[in-house]
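Colleague: Letter by letter, the sequence shown follows residues 6 to 420 in the numbering used here. For every residue, glycine included, the Cβ atom is placed at its ideal position computed from N, Cα and C.
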Amino acid sequence: MTLDSPAARGEADHIPASGSPSRGRSLLLVALALLALNLRAPLTSVAPLLTPLRDDLHLSDTAVGVLTSLPVLCLGLFAFVAPRLGRRCSLRTLLAVSLVVLTVGGLLRTGASAVALFTGTVLVAAPIGVANVLIPGLIRSRFPQSVPRVSAFYSGALTFGAAGGPAVAVPLADATGSSWRIPLLLLVVPLSVATVVVVLLAFDRQPPRAPAPAPNAGVRPPRLRRSLLAWQVTVFFGAQALLSYTVFGWLPTMWQDRGLSAASAGLALSLCNAVGVLGAWLLAVSGRRLPDQRAAGVAVACLTGAGLTGVVLGPKALAWPSVAVLGLGLGAGFALALSLFALRSPDAPTTAALSAMGQGIGYLIGVLGPLGAGALHDMTGTWDWPLAALLLACAVQITSAFAAGRARTVTTPPR
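Here it is, written out as structure tokens:
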């Protein structure tokens, strides 16, 4: 998002003129929470329904693999589109339109053909990729004194949505008598429609125009690519995305390969995501007492590595505690990765630009996780080598945390 973007200047994120500032901020927090639920539940709710979906549409294993990787790919690709859209539209309009497209995609992907399924999946994931980039800049501009806490609140809501989707998908299927279509509809359409209403109420229709920023305020997106700190933040986010989406895609299979039941596999994934909410909260509480984020970055990588090792190699008696540790690491790590976009930026426009760069490249890195883990497992017949690769990603995250976690902001590099 550039400096002359309406959304970047904050023209669309003022509190409603008819209410008090505290009421406006409260409504904005409600909008953030609802947006977060929309940005994860539609994606994670598919996994527990893959078997009936595959059987109904006669999909091959290769097609299922593409289906599960397509959303992460869209998150990365459409993150690059968000800044361009931000130059044309206000944040209020972009979020509302994104939710409308998400609703259309949710309706389309429950169609009668594989083409409708894949097209609808793109229409679901694309607006999520756009909104992912917009929200860190909103947090930076509207809550400048509370970035870690609000980022943790937002990431906790994201994690709650990620946990809630797979947890209720199968019960909804049982309650409605539909193998997969109605549950996927119910997990997208009602919530996205309600969120559109709240988003429209949470932002002014015609807020006062903010004065233009100083010529040298912030870092323009093209120059941001020359910033070493920006790349360090991007690597941290990319490692986090790779670890998270590998766990989301393969944890149930790892669980069952250890001889544990298929019924408990879905619960293990839900537990991992649910404990992540606690991880985000702990990061918010502890982060206020730390001089910077280096220790937090190392801690989340170590927790993630320990949890993965326990799930793959530990005794079965420690399987559930290992999942809990893994969830703590991933939840706190994602909250930290999001907050770094704002903490390492001097202003909201730079936050938006850094968010676009970090999430765009980071999610493309994240695609390699589930694909690479599956390929290594197919080649070796064991989860030992995928675990080794994931532990290497944890080491990369630790290394980048030492640099990205230092208390400083990106600056325009010398020419």
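1. Only counting runs of 3 or more residues, tell me where the beta strand (DSSP E) segments fall wholly within the stretch 124-171, in order along the chain.
2. Measure the alpha-carbon distance for R225 versus I144 and round it to whole angstroms.
3. Within its chain, find whatever has a CB closer than 8 angstroms to the CB of G166; leave out the 5 residues flanking it on each side and keep chain order.
4. Assign V328 to buried or exposed, taking buried as 16 or more other Cβ atoms, counted over all protein chains shown, within 10 Å of its Cβ.
5. Does the stretch 277-294 touch the stretch 150-165, meaning 3 or more C-beta pairs lie closer than 8 angstroms?
6. Find out if the Cβ-Cβ distance for the pair L32, A207 is shorter than 7 angstroms.
7. Measure from the alpha carbon of A250 to the alpha carbon of each residue in L348, L335, A136, then state which is nearest.
8. For a minimum of 4 consecutive residues, which ranges assigned as the alpha helix (DSSP H) are wholly contained in the stretch 46-89?
9. So, under 8 angstroms CB-CB, R299 and F407 are touching, yes? Tell me the CB distance rounded to an integer number of Å.
10. Does DSSP put R186 in a helix, a strand or coil?
11. When the distance is taken between beta carbons, is A84 closer than 7 angstroms to L361?
12. Quick check: the stretch 255-270 against the stretch 372-389, are at least 3 beta-carbon pairs closer than 8 angstroms?
13. Can the beta-carbon of A178 be found less than 7 angstroms from the beta-carbon of S275?
14. Tell me the DSSP secondary structure of C307 in three-state form.
15. With a threshold of 7 angstroms on Cβ separation, who are the neighbours of G223 within its own chain once the five nearest residues in sequence on each side are excluded?
16. Where V35 and V203 are concerned, what is the direct C-alpha to C-alpha distance, given to the nearest angstrom?
17. Below 7 angstroms CB to CB, which residues in the same chain sit around L341 once its five sequence neighbours on both sides are set aside?
18. Nearest CA to the CA of V138: which residue from S344, G410, A412?
19. Can we say the stretch 310-325 touches the stretch 195-202, given the rule of at least three CB pairs closer than 8 angstroms?
20. From P375 to F148, what distance separates their C-alpha atoms?
21. Report yes if the C-beta distance between G271 and P171 is below 7 angstroms; otherwise report no.
22. My assumption, with CB atoms under 8 angstroms, is that A409 sits in contact with Q237. Please give the rounded CB distance.
23. Alpha carbon to alpha carbon, how far is R186 from L100?
24. Between A174 and L196, which are expected to be in contact by the criterion C-beta below 8 angstroms, what is the C-beta distance as a whole number of angstroms?
25. Using DSSP with H/G/I as helix, E/B as strand and the rest coil, what is W325?
26. Which term fits Q364, buried or exposed, when burial requires 16 or more other beta carbons within 10 angstroms of its beta carbon?
27. What does the alpha-carbon distance come out to for the pair A68 and L373?
28. Going by DSSP in three states, W286 sits in which element: helix, strand or coil?
29. My output table needs one value for V401: the three-state DSSP class, helix, strand or coil.
30. Is V120 helix, strand or coil by DSSP?
31. Is the Cβ-Cβ distance between L247 and A398 less than 7 angstroms?
32. Just the C-alpha distance for L128 and S183, rounded to the nearest angstrom, thanks.
33. Tell me whether W388 sits in a helix, a strand or coil according to DSSP, three-state version.
34. If you compare alpha carbons, which of P188, A412, A131 is closest to L58?
35. By how many angstroms is the C-alpha of G371 removed from the C-alpha of P132?
36. If you draw a straight line from the alpha carbon of S1 to that of V252, how long is it in whole angstroms?
Modeller: Based on what the coordinates show:
1. Listed in chain order, nothing qualifies, since the stretch 124-171 has no complete beta strand (DSSP E) run of 3 or more residues.
2. With a pLDDT of only 48 at R225, under the threshold of 50, the placement of this residue in the model should not be trusted; the figure read from the coordinates follows. Spanning the alpha carbons of R225 and I144 requires a straight line of approximately 19 angstroms.
3. Contacts found: A41, L42, N43, L44, R45, A46, T49.
4. Residue environment analysis places V328 among the buried positions, since at least 16 neighbouring C-beta atoms fall within 10 angstroms of its C-beta.
5. Under the three-pair Cβ rule at 8 angstroms, the stretch 150-165 counts as touching the stretch 277-294.
6. Remark: C-beta atoms of L32 and A207 approach each other more closely than 7 angstroms.
7. The identity of residue 250 in the sequence shown is Tyr, whereas the question assumes Ala. Comparing C-alpha distances from Y250 to each of L348, L335, A136 shows the shortest one belongs to L335.
8. Fully enclosed alpha helix (DSSP H) runs of 4 or longer: 46-49, 55-62, 66-84.
9. Confirmed, Cβ separation roughly 6 angstroms.
10. DSSP, reduced to helix, strand and coil, places R186 within a helical segment of the structure shown.
11. Residue identity differs from the one stated: residue 361 is Ala in this sequence, not Leu. In this structure, A84 lies closer than 7 angstroms to A361 by Cβ.
12. Short answer: they touch.
13. Between A178 and S275, the gap from beta carbon to beta carbon reaches 7 angstroms or more.
14. Correct three-state label for C307: helix.
15. In this prediction, G223 has a pLDDT of 44, which is less than 50 and means its spatial position is unreliable; what the coordinates show is noted afterwards. Excluding positions up to five away in sequence, the list reads L8, P351, D352, P354, T355.
16. C-alpha of V35 to C-alpha of V203: approximately 8 angstroms in a straight line.
17. Same-chain partners within the cutoff: L288, Q298, A301, G302, V305.
18. Sorting S344, G410, A412 by C-alpha distance to the C-alpha of V138 places S344 at the top.
19. Flag = no, the stretch 310-325 and the stretch 195-202 do not touch.
20. Straight-line Cα distance between these residues: approximately 35 angstroms.
21. Contact: yes.
22. Taking C-beta atoms under 8 angstroms as the contact rule, A409 and Q237 qualify, at a distance of about 4 angstroms.
23. Approximately 26 angstroms, taken between the alpha carbons.
24. That belief does not hold up - the Cβ atoms of A174 and L196 are roughly 14 angstroms apart, past 8 angstroms.
25. Here W325 sits in helix by DSSP.
26. Answer is buried; the Cβ neighbour count reaches 16.
27. Between A68 and L373, the C-alpha separation is close to 17 angstroms.
28. DSSP, read as helix, strand or coil, puts W286 in helix.
29. It is helical.
30. Three-state result, V120: helix.
31. For L247 and A398, yes; Cβs fall inside 7 angstroms.
32. Looking at the backbone, the Cα of L128 and that of S183 are separated by about 23 angstroms.
33. Three-state result, W388: coil.
34. Ranking P188, A412, A131 by Cα distance to L58 puts P188 first.
35. Roughly 18 angstroms between the two C-alpha positions.
36. Summary: the structure shown does not reach residue 1, with the chain confined to residues 6 through 420, and so no result is reported for it.
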